[in-house]
Ligand SMILES: Cc1cc2nc3c(=O)[nH]c(=O)nc-3n(C[C@H](O)[C@H](O)[C@H](O)COP(=O)(O)OP(=O)(O)OC[C@H]3O[C@@H](n4cnc5c(N)ncnc54)[C@H](O)[C@@H]3O)c2cc1C
Ligand SMILES: Cc1cc2nc3c(=O)[nH]c(=O)nc-3n(C[C@H](O)[C@H](O)[C@H](O)COP(=O)(O)OP(=O)(O)OC[C@H]3O[C@@H](n4cnc5c(N)ncnc54)[C@H](O)[C@@H]3O)c2cc1C
Ligand SMILES: Cc1cc2nc3c(=O)[nH]c(=O)nc-3n(C[C@H](O)[C@H](O)[C@H](O)COP(=O)(O)O)c2cc1C
Ligand SMILES: Cc1cc2nc3c(=O)[nH]c(=O)nc-3n(C[C@H](O)[C@H](O)[C@H](O)COP(=O)(O)O)c2cc1C
Ligand code: FES
Ligand code: FES
């Protein structure tokens, strides 16, 4: 059971606005991933793009690993255009995972950051107060499924095209910080673009709230060998692929 | 009507032993090629492989350009695995062409060299004494079609798995050189690996036979600009892509 | 409307995109693909006073995201260029930059003089990545003393804008650029190809007959951009950047690093209309970012 | 059966394939993907006498068929390496080559001494692509005098086989290798990364925080093979070749060009079992070509 294996495309759907849901059927026995872990994926056969790309595990069903990603550059474009039956290279599961929520919890997803939290709410269904934000309605995906898995779903868009108007971090922090909030004291799990996580930090830090964030950095190896993917921790650099991708908010210098 | 255009895969068949027949539907009006001319083909979107690859025009039917090629390395592998509807980059038609045979003629194909001569016998059907050689039977393709287009088809394999045993150049030269041969005086058109053409030269040179050969060299531009594809002519280097690919045998230093 | 015109010394170009020497012939081959008058300039295939046959084949080999070439500077010579190619180029509304080289200082000077006298050449680009056959085969472009001597001699021989094309096969390209500037060059261009080789393991021979060749294409772009940035810190004269430019984004990297103009080389082979697409891509970039004049972003890298 | 074992000075390797410094950690990360005892040797992440934090992120960027890195030589320092990593490595049947560097000659010597005394290190590889902070930031590996000084000092400080890892950012790598040989190096390894940069045109900043980074991967392979060939012509000591080796064929190019052994770097990231596949691919090549001993083809390029 190696964490380096080949897998076959078993499904590929383009959801709205450039977001692709890719399912893989591993060619070998594989290690079961935990929510928050990630995989390095790559189409085979050419040195451009050269490096594998990291993607969070989105879901595991019937021995299929699935990933939800936004088409941004070369590699995601190639991955999104693979046909059923084509074979790719996979390394994973990698990195740490979201710590188990002892109770109900708050989940905050910005854009395609939803990919990493989906597996968490699937595992701990009906326990998440889920805040899901995006610039606009078109970037929101799988609302039905998320709403059935979450205890409560709050949608926030910057252009007010769906749900509340504003940014998701404010909506979430406001909800937590109102006096006697039911959310007060619950652990928070967040994934999204860096500015969003920064904003969340500035709203929640010093309030005694346990907050876990899943970070992104450019990666080469994904296994801790190259030291390429570091973020600034309190005393030293931390590897996102090894000590992360999930960090307690107060481990990081924002 | 530009010689640089995009075309869509309209058909792709793997014939026996790694030989692919690829049909393209140009997205724009295109110039009609002559037998012996070639095109530079490339799948779009990645810098590895970097350069386009030259392929002789095999046939033109119903506004489809088709190419017959052997899968050798990266580029031919990619081209052979493209699916119907995918779009590639094309430059062509390029180079000179086989001079028009005034009469019946002799055609000598070694292996996938048949790709370049097929269009000639299609155009001048029932006029070719066709000699088609390969190492073994499995490398011979489209025998029915060739035999219906040629006046006469002689097959030669080195392992005697089909037709005569031996090398095609000997078979052809022997046939031309026997006294009172019907082939004597007919122009000869040849395409195949370099050692085969060399052998043909050593058998036929000095015998007053008009012999045209289609040569191969590594190409970068295909249009005469880079001077990368030269072969040694009698007095100076000649560009295969511009002065060729078809040369009169006595223009070349063998 | 944005301004795309740039100046290389006193040479004014309508836009910063030219075609690199040796990749665009004398302009004929690509004329059928686009109107070459739209180019910022054309740099012709390297010329020598005496015509050269070039190297035996195979002359090219592909490498990951790059290619090796050892054409061996095959060319028709300055005289035939002036007699056969220049008359047509003169009829065009197009800046013509003549790239030239020599086997010795005397040959460099003879070529420069003939090209200067020809009328119709707007600037000279000297390729100094050649060995001096008369002085122990030292490559002019990798030895500061040899370079000083040849650039000084050519500078005296021409009053055309003189561009010195630098070799990347050096420890300190900033220092080499400074030598060119000190000797009176009006501009430097970089990079020429990087020496490389690749081997056919079956035959245990180099894949090109000349054994080594020059590496070009996207593979070398990060090295070229770095060198432009270094040269930008060391000289005041304008820089023409090149090395693996395939798209407008790539060209902009060089411009931001310090290049006043760029040359498109290997990209022409892959996309015959690359140069034109790069010109319009630069224009779109400026419009998108609200920049009125390309000159505003030359050397604007934030560090 | 073919013989794959080679000698680097008096160090005998079971096969010619090692993993390149900085791409394989201290061996732990890749142990789960294959039995690292099958390697010819492991070269550990570059060590300094004093631990180093390294550069701020982003530290890596992808380029066509290559990558730039500016890790900034982050490492746990020689002492922690000896205390925490070496004990496990000592239990393995595996040659351990310690890659090290310093900010000054004193630091180089201190690191070399400590690693020599540690027991369990089979050879030292000195990375000289670092500036001398005490002497005007001259990079040891690009200045023959600075290099002579540091290699001589380290040579006196260790009796382990000493490999000098050359920088490719030089005009004449053959000459630099000769300096290393003259100073008593037992072998040279090459190439280290080539300095490069790439720019985000949106922000007009370098894509890596350190501005420049080191280019590695298949893009640089033709340059690396050429340099190995040049060094092979200029020195008698063994050469360890590296730079973009992805497959056994690539490794064989280096061996045919003159390398007695090879290092696999960036390839580990793309294919965690690359090194093992390369070992068995070399074996198949020898069998196929009826070559009984790898040593027969070292430097066997036909020209
Ligand atoms: C642990 C982790 C989990 C991730 N999970 C997801 C996910 O579930 N869904 C999703 O859509 N995205 C995810 N990402 C981001 C994803 O890796 C990038 O979008 C992807 O690498 C872009 O590749 P590209 O070639 O298409 O784009 P490129 O054009 O190459 O780059 C576009 C941008 O992608 C980022 N990027 C490029 N290369 C890398 C790399 N090697 N490592 C990390 N980032 C890179 C950079 O920010 C770059 O500017 C994750 C990233 C990390 C680190
Ligand atoms: C004018 C001309 C017409 C041709 N027509 C046909 C044809 O109809 N059918 C056919 O099967 N083949 C034809 N070829 C050969 C064909 O171009 C090569 O087989 C193809 O380029 C191999 O590419 P690759 O990436 O698959 O192989 P690679 O692994 O890259 O190379 C395998 C071999 O292909 C050759 N090759 C590689 N790159 C080039 C290049 N840029 N130009 C030329 N040769 C190269 C070399 O001999 C190389 O050793 C023709 C070549 C020329 C010059
Ligand atoms: C086939 C070929 C021929 C070249 N001939 C010349 C030449 O004659 N003179 C010259 O100065 N540079 C020559 N060059 C170098 C290019 O002008 C350019 O500096 C180099 O290729 C890097 O740019 P690129 O990566 O965009 O091709 C040649 C390059 C190639 C690929
Ligand atoms: C992420 C990374 C870190 C590296 N760290 C070191 C190092 O600490 N010391 C060193 O001598 N070389 C270091 N190198 C250089 C490699 O050992 C090797 O020389 C270079 O990458 C070329 O080989 P490659 O193309 O196979 O990677 C590093 C390379 C990479 C990619
Ligand atoms: S990606 Fe290599 S250490 Fe994290
Ligand atoms: S391929 Fe460029 S001149 Fe023929």
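Chains as they are written, first to last, in my numbering: chain A, 1 to 254; chain B, 255 to 508; chain C, 509 to 811; chain D, 812 to 1114.
For glycine and all other residues, C-beta sits at the position ideal for the given N, C-alpha and C.
Note that this is a predicted model, so its numbers are computed, not measured.
I want to check one thing, is the minimum distance from the CB of residue i to the heavy atoms of ligand 1 below 7 Å?
{"i": "residue 933(D)", "result": "no"}
{"i": "residue 822(D)", "result": "no"}
For the candidate residues the options, whose alpha-carbon lies nearest to that of residue i?
{"i": "residue 786(C)", "options": "798(C), 759(C) and 806(C)", "result": "759(C)"}
{"i": "residue 525(C)", "options": "685(C), 754(C) and 588(C)", "result": "754(C)"}
{"i": "residue 947(D)", "options": "914(D), 1008(D), 974(D) and 1113(D)", "result": "914(D)"}
{"i": "residue 270(A)", "options": "212(A), 7(A) and 28(A)", "result": "It is not possible to answer for residue 270(A), since the shown part of chain A is limited to 1 through 254."}
{"i": "residue 934(D)", "options": "819(D), 1086(D), 961(D) and 962(D)", "result": "819(D)"}
{"i": "residue 695(C)", "options": "555(C), 740(C), 731(C) and 648(C)", "result": "740(C)"}
{"i": "residue 323(B)", "options": "381(B), 293(B) and 426(B)", "result": "293(B)"}
{"i": "residue 957(D)", "options": "990(D), 1030(D) and 901(D)", "result": "990(D)"}
{"i": "residue 350(B)", "options": "459(B), 435(B) and 370(B)", "result": "370(B)"}
{"i": "residue 130(A)", "options": "145(A), 119(A) and 150(A)", "result": "150(A)"}
{"i": "residue 813(D)", "options": "1105(D), 1112(D), 1110(D) and 1109(D)", "result": "1105(D)"}
{"i": "residue 1024(D)", "options": "867(D), 976(D), 889(D) and 823(D)", "result": "867(D)"}
Looking at ligand 2, does it come within less than 7 Å of residue i, judged from the CB to the closest heavy atom?
{"i": "residue 303(B)", "result": "yes"}
{"i": "residue 329(B)", "result": "yes"}
{"i": "residue 497(B)", "result": "no"}
Are the beta-carbon atoms belonging to residue i and residue j less than 8 Å from one another?
{"i": "residue 737(C)", "j": "residue 766(C)", "result": "yes"}
{"i": "residue 83(A)", "j": "residue 9(A)", "result": "yes"}
{"i": "residue 258(B)", "j": "residue 780(C)", "result": "yes"}
{"i": "residue 111(A)", "j": "residue 86(A)", "result": "no"}
{"i": "residue 856(D)", "j": "residue 910(D)", "result": "yes"}
{"i": "residue 876(D)", "j": "residue 854(D)", "result": "no"}
{"i": "residue 557(C)", "j": "residue 661(C)", "result": "no"}
{"i": "residue 305(B)", "j": "residue 778(C)", "result": "yes"}
{"i": "residue 841(D)", "j": "residue 225(A)", "result": "yes"}
{"i": "residue 512(C)", "j": "residue 791(C)", "result": "yes"}
{"i": "residue 953(D)", "j": "residue 679(C)", "result": "yes"}
Regarding residue i and ligand 6, is the C-beta to nearest heavy atom distance less than 7 Å?
{"i": "residue 575(C)", "result": "no"}
{"i": "residue 479(B)", "result": "yes"}
{"i": "residue 493(B)", "result": "yes"}
Is residue i near ligand 3, judged by its Cβ being under 7 Å from some heavy atom?
{"i": "residue 516(C)", "result": "no"}
{"i": "residue 756(C)", "result": "no"}
{"i": "residue 581(C)", "result": "yes"}
So which residues of chain E does residue i contact, with C-beta pairs closer than 7 Å?
{"i": "residue 572(C)", "result": "Absent here is chain E; the protein component of the structure consists of chains A, B, C and D."}
I think residue i touches residue j, with their Cβ atoms under 8 Å apart; what is that distance to the nearest whole Å?
{"i": "residue 1009(D)", "j": "residue 604(C)", "result": "That belief does not hold up - the Cβ atoms of residue 1009(D) and residue 604(C) are roughly 32 Å apart, past 8 Å."}
{"i": "residue 613(C)", "j": "residue 658(C)", "result": "5 Å"}
{"i": "residue 88(A)", "j": "residue 44(A)", "result": "6 Å"}
{"i": "residue 880(D)", "j": "residue 228(A)", "result": "6 Å"}
{"i": "residue 1031(D)", "j": "residue 1005(D)", "result": "6 Å"}
May I ask whether a heavy atom of ligand 4 can be found less than 7 Å away from the beta carbon of residue i?
{"i": "residue 1027(D)", "result": "yes"}
{"i": "residue 834(D)", "result": "yes"}
Quick one: does the C-beta of residue i sit closer than 7 Å to a heavy atom of ligand 5?
{"i": "residue 228(A)", "result": "yes"}
{"i": "residue 255(A)", "result": "Nothing can be reported for residue 255(A): it is not among the residues displayed for chain A, which extend from 1 to 254."}
Is it the case that the region 370-379 of chain B contacts the region 285-299 of chain B, given that we only count it when at least three CB pairs across the two stretches are under 8 Å? The answer is yes - the region 370-379 of chain B touches the region 285-299 of chain B, with three or more Cβ pairs under 8 Å.
Is there contact here, the region 182-199 of chain A with the region 155-170 of chain A, by at least three beta-carbon pairs under 8 Å? By the Cβ criterion, the region 182-199 of chain A is in contact with the region 155-170 of chain A, since at least three pairs of Cβ atoms, one from each stretch, lie closer than 8 Å.
Taking one C-beta from the region 889-902 of chain D and one from the region 229-241 of chain A each time, how about it: are there three or more such pairs within less than 8 Å? With fewer than three CB-CB distances shorter than 8 Å, the region 889-902 of chain D does not count as touching the region 229-241 of chain A.
For the structure I just gave you, are there three or more beta carbon pairs, one from the region 353-364 of chain B and one from the region 268-275 of chain B, closer than 8 Å? Touching, no, given that fewer than three Cβ pairs across the two stretches are closer than 8 Å.
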